[in-house]
Amino acid sequence: MREDRKVTDLRVELRAWLAENVPKDWRTQQAGDNIEGFLASQREWLSRLVKGGYATPHWAPEWPGGGRSLAEQVAIFEEIARADAPRMSLFFVSLYHAAMTLMECGTPEQRARHLPAILKGEIWCQGFSEPNAGSDLASLRTRAERKGDRYIVSGQKIWSTLGQFADQCLLLVRTDNSGPKQVGITFLLMDMKSKGVQARPIKQITGDEEFAEIFLDEVEIPVENRVGEENEGWKVAQVTLSSERGLTLVELTERLALSLWRLVEAATANGHEIDRLDVEVRRRVVDIASRIEALRAMIATLMANRMAGREAVGDASIIKLAYARLSRDFTALGLRLRGMAAQRDTRYVLGAGYETGNWMFDFMNSYQYNIAGGSNEIQRNIVSERVLMMPREKLA
Amino acid sequence: MSGVDAMNTIDQEELRDAARRLLTDKVDRRAPWGEGEADGRALVRDMVELGWHLLTAPEELGGLGQSFTALAPIYEEMGRALAPATLADTMAALDVISLDDSVAGAALRDRLIEGSAHIVVAECGSLGPRIDTTFPLLEGGLAATHLLLLPTAAEESCGIVDLGREGVTATPVETWDRSRSFAELALHDAPCERLQVTGGVAIPLVRAHKDLAMAWDSLGAARRSLDETVTYMGTRQQFGRPIGSFQALKHRAADHKVTLELARALAVHASQAYALRDGAWSDLAAQARLLATDAFHAITEDSVQMHGGIGFTWEFDCHLFLKRALMSDILNGAPELVRDRISSSVIARALRRE
Ligand SMILES: Cc1cc2nc3c(=O)[nH]c(=O)nc-3n(C[C@H](O)[C@H](O)[C@H](O)COP(=O)(O)OP(=O)(O)OC[C@H]3O[C@@H](n4cnc5c(N)ncnc54)[C@H](O)[C@@H]3O)c2cc1C
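Residue numbers (numbering that gives the first Met the number 0), protein chains in the order written: chain A, 0 to 395; chain B, 0 to 353.
Next comes the structure, spelled out in structure tokens:
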């Protein structure tokens, strides 16, 4: 496929910018760094990207850095991945989920209040899941009662990525219990410094404390912080959940492809020469490499279809499943190849995604893509029922 | 998800429709499993009549000048129909003799374009003016008029054997996969004419073309097998509901769908790369073949299980697909050997961080 001139020009310009601006030694510096160091380097990286005009290509044209086509957005993610720049983990929810929700469903006042703040580094988290509402998100029970011009909110949110560092939260609450569960949900913007909010980090299987549970005890939220109508928050939540439009997978797939060498490195780390590698190992590397190449082709097609407005139902689920399974198999192979050395290598690079090169960390972390954002099983339900049109199961 | 094809003037979907119409009309996939046997000679004539062999022939020679990607939907439809004939050897041979300036090459090219030559391809050791050897199992060996021999010694030039001349016997061979037609080809002192193009040039082209053809054939057949299995699961009732509503079965079907779409995405990409002889086209073709035959194998293997007892019968069609898949797996080299063939260059590309 030949590329638009504009996109090619953007790549050239961005490559030059990245060569100047990617912190050279970020991996070494962040290896074993503490959380403060990580937060500081993320902030620094965001401010560079904003200054360069590459943090917000998906924003509306009236915003700095905004108004880029989807093709340009894809190019930006690819180039950032290819330059092996740090990921934007700390600000991803702000720049995508929060900003897109506000741009599509928010009031002008909400946009004016938050979008400039996001550009300056306001951190957002997503408070959707609850202890008893995960895959079945619409069964959420955090209560909000309307009292004059405020909502009084009580309940508990969980698995909220970076919740302990967040300034603001995209919050789903229940305002009505009388009808079907999707009706009666309301979407609020919550200041994490409000009285009655307590965020407690949860330690993950990687050892990281990357997500948090959020306890809400009679928290007062002004009605002007509501997005969309009362009881119609489910629709808004769908906008939030689809806000990144596949770009995460573009980036992750590209990063995965460009870290294939790590598998070879893992295989040769014990002094094996490449051309003396065990034949079975070589075959498995070929299999992983082939699936990566296929996934790259698949995501390129998905994005092209998206741009042309002819995406089919379930395409996104198929890709997510393909990626999730590959991320697990890729890291499992690396872990196996690295052997005992992987068991002893307990240092890792914060914020590098799963291709840190620390195989145990990366393997553990790969579960994330198999669970969050609609687990593999939920995606399989979608593919079987909505793509293959198999008989539906009635769920409560 | 379908691929975009900007390289050709003939619409891919039109080609697909035409292929599907012909194959629906002419192929009775049950025929070889009753009294008859897969022969394929009639289907080869039909394909030639429709001019499929002209698609990628150069325009100045009376061909249609399309790129490889025009053949993809045809190969895919042939797999879908479980077609008993092969077109890939002839078309791969055309890719080779298009590069050839010898008298023998030009003559064969003319006959091919006129529709009177159908080719099988085989790799071999060194070649002399006369050939004495037996190829125990060649797909399409009965329908073929010529054998294109590709010497594995890179510098040696390729050879052509006219199968209509003396010293050639083709005997049908029965295999478990009856959806294809195989022959033993015995050559006794058979005359061999030499081309200019060398084995070193020809072998990568032929392998890539045949790998891609196999990939598309497998994708077409695998999709059909999955579709038919899903349809069956929607109608068969147990415990008061269709078995297709059981999540244990649904999730397997979904996984097969993912594997299939992943393989398809690579086949589209690899076909474009081959058409342009771009980048790592030769690795990509092999990789596309691996993913596609793996998916085909997995789907058809599970299809029998998901059908239960009826899947275990000769009457029911599950095994037609399974047996074709088991043959596709190894027909042009076992998957392990294909992996071994490309592993050095795949690893080198990984280290270059491409
Ligand atoms: C790393 C990470 C980050 C996250 N970040 C956030 C965040 O920022 N904000 C937020 O709100 N949430 C977040 N989540 C939560 C995430 O969305 C949920 O974990 C996910 O939706 C699954 O819900 P659950 O954990 O309650 O599991 P459950 O829904 O209890 O699922 C348990 C198991 O049952 C299976 N299952 C459930 N329903 C079905 C069904 N119908 N058919 C078949 N199998 C089924 C699941 O697939 C899973 O295997 C995050 C999760 C992770 C792991």
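Beta carbons are placed, not taken as given, at the ideal position from N, Cα and C, and that holds for glycine.
query                                                                                                                    : result
Exposure of Arg-67(A), with buried meaning 16 or more beta-carbon neighbours within 10 Å                                 : buried
Residues in the segment 281–293 of chain A having any Cβ partner in chain B nearer than 8 Å                              : Arg-281, Arg-282, Val-284, Val-285, Asp-286, Ala-288, Ser-289, Arg-290, Glu-292, Ala-293
Three-state secondary structure (DSSP) of Lys-403(A)                                                                     : Limits of chain A in this structure are 0 at one end and 395 at the other, which puts residue 403(A) out of reach.
At least 3 beta-carbon pairs within less than 8 Å: the segment 165–176 of chain A vs the segment 139–152 of chain A      : yes
Alpha-carbon to alpha-carbon, Thr-27(A) and Val-337(B)                                                                   : 39 Å
Those residues which DSSP pairs with Asp-161(B) across a bridge                                                          : His-145(B)
Minimum length 4: unbroken alpha helix (DSSP H) runs contained in the segment 19–66 of chain B                           : 40–49
For Arg-323(B) and Phe-164(A), the rounded distance between their alpha carbons                                          : 57 Å
Span separating the alpha-carbon of Glu-353(B) from that of Leu-259(A)                                                   : 9 Å
Where Arg-177(B) meets chain A, residues with beta-carbon distance less than 7 Å                                         : The premise fails here: Arg-177(B) is roughly 29 Å from chain A at the closest Cβ pair, so nothing lies under 7 Å.
Neighbour list for Leu-283(B) in chain A, Cβ cutoff strictly below 8 Å                                                   : Glu-292
Rounded C-alpha distance that separates Met-0(B) from Leu-265(B)                                                         : At Met-0(B), the pLDDT of 36 sits below 50, so the modelled position is not reliable and the matter cannot be decided from this model.
Contact with chain B by Thr-300(A), beta-carbon distance below 7 Å                                                       : yes
heavy atom of ligand 1 below 6 Å from Ser-396(A) C-beta                                                                  : This structure cannot settle anything about residue 396(A), because the visible part of chain A is limited to 0 through 395.
CA-to-CA distance, His-255(B) to Glu-12(B), given in whole angstroms                                                     : 24 Å
Per-residue DSSP class, three states only, for Leu-394(A)                                                                : coil
Min CB distance Lys-209(B) to chain A below 7 Å                                                                          : no
Beta-carbon proximity list for Gly-325(A), same chain, < 8 Å, skipping 5 on both sides                                   : The amino acid at residue 325(A) is misidentified as Gly; the sequence shows Leu. Excluding residues within five positions, the ones whose Cβ falls inside 8 Å are Leu-255, Ile-287, Arg-290, Ile-291, Leu-294.
Nonlocal neighbours in the same chain, by C-beta distance under 6 Å from His-296(B), ignoring five residues either side  : Ala-324, Asp-328
Delimiting residues of the beta strand (DSSP E) encompassing Arg-199(A)                                                  : 196–201
Close-in-space but distant-in-sequence residues of the same chain around Val-345(B) (CB under 8 Å, 5 per side omitted)   : Asp-282, Gln-286
Residues bridged to Ala-241(B) (per DSSP)                                                                                : Per the sequence shown, the amino acid found at residue 241(B) is Pro instead of Ala. Note: Pro-241(B) sits in a beta bridge opposite Gln-236(B).
Every unbroken alpha helix (DSSP H) within the segment 208–274 of chain A, with a cutoff of 4 residues, ordered by chain : 232–240, 246–257, 259–267
Buried versus exposed call for Ile-431(B) [16 or more other C-beta atoms within 10 Å across all chains shown]            : Here chain B comprises residues numbered 0 to 353, so residue 431(B) is not present and cannot be evaluated.
Closer than 7 Å to chain A by CB, Glu-260(B)                                                                             : yes
Neighbouring residues, chain A, relative to Arg-352(B) (Cβ below 7 Å)                                                    : Leu-257, Trp-260
Start and end residues, beta strand (DSSP E) containing Gly-126(A)                                                       : 123–126
Identified DSSP bridge partners for Ser-156(B)                                                                           : Thr-197(B)
Which of helix, strand or coil DSSP assigns to Met-87(A)                                                                 : coil
Rounded straight-line distance, which links the Cα of Glu-279(A) to that of Ala-331(A)                                   : 15 Å
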